[in-house]
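Asker:
Numbering (the numbering used here), first residue to last: 27 to 157.
1. Runs of 4 residues minimum, wholly inside the segment 40-120: which ones carry the alpha helix (DSSP H) assignment?
2. Rounded C-beta distance between residue 108 and residue 75? I'm assuming under 8 Å.
3. With H, G and I counted as helix, E and B as strand and the rest as coil, what does DSSP make of residue 32?
4. Could you give the C-beta distance for residue 146 and residue 134, rounded to a whole number, given that I count them as a contact under 8 Å?
5. Assuming residue 148 and residue 103 are in contact, meaning their beta carbons sit under 8 Å apart, how far apart are those beta carbons, in whole angstroms?
6. Among the candidates 66, 44, 50 and 89, whose CA atom is the shortest distance from the CA of residue 33?
7. Are the Cβ atoms of residue 111 and residue 138 separated by less than 9 Å?
8. Which of helix, strand or coil does DSSP assign to residue 127?
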């Protein structure tokens with residue numbers, strides 16, 4: 027049963043992240059006016075990071091209960107990425123935008139994109155290597 031919970035949680039995290047990157051974010055910026063899209067995305071991201079961070083912590087707890095050290099380490103790393111992005115990088119990116127510093131914003135935004143990409147790679151690796 028715990029293995030099924032692990033697999034489903036990983037699938038939800040992976041599917042949600044990919045859906046956001048491939049479908050949701052591009053549609054927001056192509057279908058909505060920028061005056062609506064930017065505040066909407068800014069309000070959305072705290073929930074995005076919180077939701078997937080909590081799911082990653084659930085995955086970590088299940089992996090620990092299941093005595094799966096391999097998955098525990100990866101889950102902790104994935105959860106840490108969500109926490110860093112939500113608590114540190116996102117506020118810094120928002121501050122840079124508010125202060126009219128697009129180069130600074132781009133640096134923090136690229137850091138969050140890199141973390142997100144590494145998290146997705148980690149999830150694929152978990153599936154590939156073993157669960």
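By construction, the Cβ of each residue, glycine as well, lies at the ideal position given by its N, Cα and C atoms.
All values derive from a computational prediction rather than experimental measurement.
Answerer: Walking through what the data contain:
1. Within the segment 40-120, the complete alpha helix (DSSP H) runs of at least 4 residues are 51-57, 60-91 and 95-110.
2. Rounded, the Cβ-Cβ distance is 5 Å, consistent with contact.
3. helix
4. About 19 Å; that fails the 8 Å criterion.
5. 7 Å
6. 89
7. yes
8. Correct three-state label for residue 127: coil.
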